[in-house]
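Following our numbering, the numbering of the sequence shown begins with 374 at its first residue and continues without gaps.
The beta carbon of each residue, even a glycine, is placed where N, CA and C say it ideally should be.
The structure displayed is predicted, hence computed values, not measured ones.
Beneath this line is the structure, given in structure tokens, with notes to follow.
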Amino acid sequence: MTWDVLSLLAAGFDAVEAFLTSPWDATKVLQSIAAIVGILSGSFGIWQALRFAEKRLANRLQEYLKRDEQRLRDARTTLLGAVTRGVPKKPNIKPVFLSDALTKAMKQLKWGPIGPAQESLMAALKLASEKEEAAGKLAEQHRRQKAAAHLLLGAIADSKKDHLAALQHFKAALDIDPDDVEALEYAGLQSLFIPDPTSALNYFTQIVAIAAQRGDLLLNARAKVLQARAHHAFAQPNYNTANQILLGVVQSLPPAMSTIERARICEFHGDVRREANYNVVASGSYVASLSLYSQAEHQSSTVDEARIAIPRVTKHIAALNQGQQPETAVAIPQLAPPQSVPPVLPPPTKPPRPS
Numbered sequence: 374m375t376w377d378v379l380s381l382l383a384a385g386f387d388a389v390e391a392f393l394t395s396p397w398d399a400t401k402v403l404q405s406i407a408a409i410v411g412i413l414s415g416s417f418g419i420w421q422a423l424r425f426a427e428k429r430l431a432n433r434l435q436e437y438l439k440r441d442e443q444r445l446r447d448a449r450t451t452l453l454g455a456v457t458r459g460v461p462k463k464p465n466i467k468p469v470f471l472s473d474a475l476t477k478a479m480k481q482l483k484w485g486p487i488g489p490a491q492e493s494l495m496a497a498l499k500l501a502s503e504k505e506e507a508a509g510k511l512a513e514q515h516r517r518q519k520a521a522a523h524l525l526l527g528a529i530a531d532s533k534k535d536h537l538a539a540l541q542h543f544k545a546a547l548d549i550d551p552d553d554v555e556a557l558e559y560a561g562l563q564s565l566f567i568p569d570p571t572s573a574l575n576y577f578t579q580i581v582a583i584a585a586q587r588g589d590l591l592l593n594a595r596a597k598v599l600q601a602r603a604h605h606a607f608a609q610p611n612y613n614t615a616n617q618i619l620l621g622v623v624q625s626l627p628p629a630m631s632t633i634e635r636a637r638i639c640e641f642h643g644d645v646r647r648e649a650n651y652n653v654v655a656s657g658s659y660v661a662s663l664s665l666y667s668q669a670e671h672q673s674s675t676v677d678e679a680r681i682a683i684p685r686v687t688k689h690i691a692a693l694n695q696g697q698q699p700e701t702a703v704a705i706p707q708l709a710p711p712q713s714v715p716p717v718l719p720p721p722t723k724p725p726r727p728s
């Protein structure tokens, strides 16, 4: 009796399992040995058959693809002879494919009769669509990888103070995806370093438009602050424009924005107002910033930055107060004494029970 491959494998493994559960049964020992020999020889034969079948299938598939791709490439030229562009006696007839001419064209393309050719063409269309989809996904993955590489190379160039090289990398990332908000921000910041505030303002304005389209309040606030920085960076700073932009941001800070980021914005708003000689309102911005920095001082992730910023902002408030009348002076808030951030301790362990 001839067994198929799966039956042979199943019987062999059952025999081996029986041998392992009853090793001293002589009959089962012989059955197991015979089964093992059958598995090994059968497995080698299966491996050879699969390797041969795989190679043959690959060759056939390659031949099929080449043949059908060539026929599809020739189709446009051949079908030109099968289409009629109107009939002289009936000029209103639209271009159509005549049945006889189409049949001849299909034979010339070696697709065979129209019925089977339709099925073959549908299969070829499906295969081409799948290849196109796979290629598209792979191409998109490569595009994202290239963009990420340009962002990293731009960051490295920036760390070396080579702002022109950094800008070129960020522009290359934007060539891949014009709506990459990170690349837009980084390109704008490098433009400020060059300095080219006009280009920077253009990059930041694009982020504002993208944020509005997405309905992203946090991105919108950050982009507008960047716009204000660009206006502030001109040789003749646009203080009024920067002040109005920051005023709108401060009045509607999104809840998702961190405390330290709010503090930075308020401090920058104070800088703009102080430089524009809006001293009273500048003090108000600094006081708001100081209060936020004091909160950030008690957060482990921002404690260092806050402790550096607090003396700086306090100095600005004191300087502004010295140049003002007593009735307009702004009182410096009394901050809570700095507290060290408690370390995260492991949970207590229970003492071992006495034996």
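Residue environment: Val653 is assigned as exposed (fewer than 16 neighbouring CB atoms within 10 Å of its CB, all protein chains considered). Taken atom to atom, the span from the alpha-carbon of Val622 to that of His689 is near 22 Å. The three-state secondary structure of Lys534, taken from DSSP, is coil. If you draw a 10 Å sphere on the C-beta of Arg646, you find 16 or more other C-beta atoms in it, and that means buried.
Contact check between the region 672 to 683 and the region 612 to 622: fewer than three CB pairs, one atom from each, fall below 8 Å, which does not count as touching. Distance between Ala508 and Ala545, taken at the CA atoms: about 22 Å. Per the Cβ contact rule, the region 514 to 530 is not in contact with the region 568 to 578 (fewer than 3 Cβ pairs under 8 Å). Runs of the alpha helix (DSSP H) spanning 4 or more residues and lying entirely within the region 611 to 663 occur at 612 to 624, 632 to 648, in chain order.
Where Thr675 is concerned, there is no enclosing alpha helix (DSSP H), because DSSP gives it neither an H nor an E.
Here the alpha carbons of Ala512 and Ala501 stand approximately 16 Å from one another. Each residue's CA atom was taken as its position, placing Phe641 and Leu498 some 60 Å apart.
Look at Ile567 here: in three-state DSSP terms it is coil, with no helix or strand label.
Excluding sequence positions up to five before and after Leu557, its CB lies within less than 6 Å of the CB of Tyr576, Gln579, Ile580, all in the same chain and listed in chain order. Residue Ser564 holds the alpha-carbon nearest to the alpha-carbon of Leu599 among Met495, Ser564, Pro628, Glu503. Under the DSSP assignment, Gln600 falls in the alpha helix (DSSP H) whose first and last residues are 590 to 605.
Of the candidates Pro551, Ile681, Cys639, the residue whose Cα lies closest to the Cα of Ile618 is Cys639. With fewer than 16 neighbouring CB atoms inside 10 Å of its own CB, Arg685 falls in the exposed class.
Asp553 and Pro627 have their C-alpha atoms spaced approximately 22 Å apart. Only residues of its own chain outside the window of five on either side were considered, and among them Asn652 have a CB closer than 7 Å to the CB of Gly696, listed in chain order. Asp550 and Ala520 do touch by the CB rule: their CB atoms are close to 6 Å apart, below 8 Å. Under the three-state reduction of DSSP, Glu670 is assigned to coil, being neither helix nor strand. Residue environment: Gly588 is assigned as exposed (fewer than 16 neighbouring CB atoms within 10 Å of its CB, all protein chains considered).
Between Asn616 and Ala649, the CB-CB gap stays under 8 Å.
Secondary structure of Asp548 (DSSP, three-state): helix. With a threshold of 16 other beta carbon atoms within 10 Å, Ile683 meets it and is buried. The distance from the Cβ of Thr687 to that of Leu665 is about 13 Å, inconsistent with a contact at the 8 Å cut-off. Of the other Cβ atoms in all chains shown, fewer than 16 fall within 10 Å of the Cβ of Glu492; this residue is therefore exposed.
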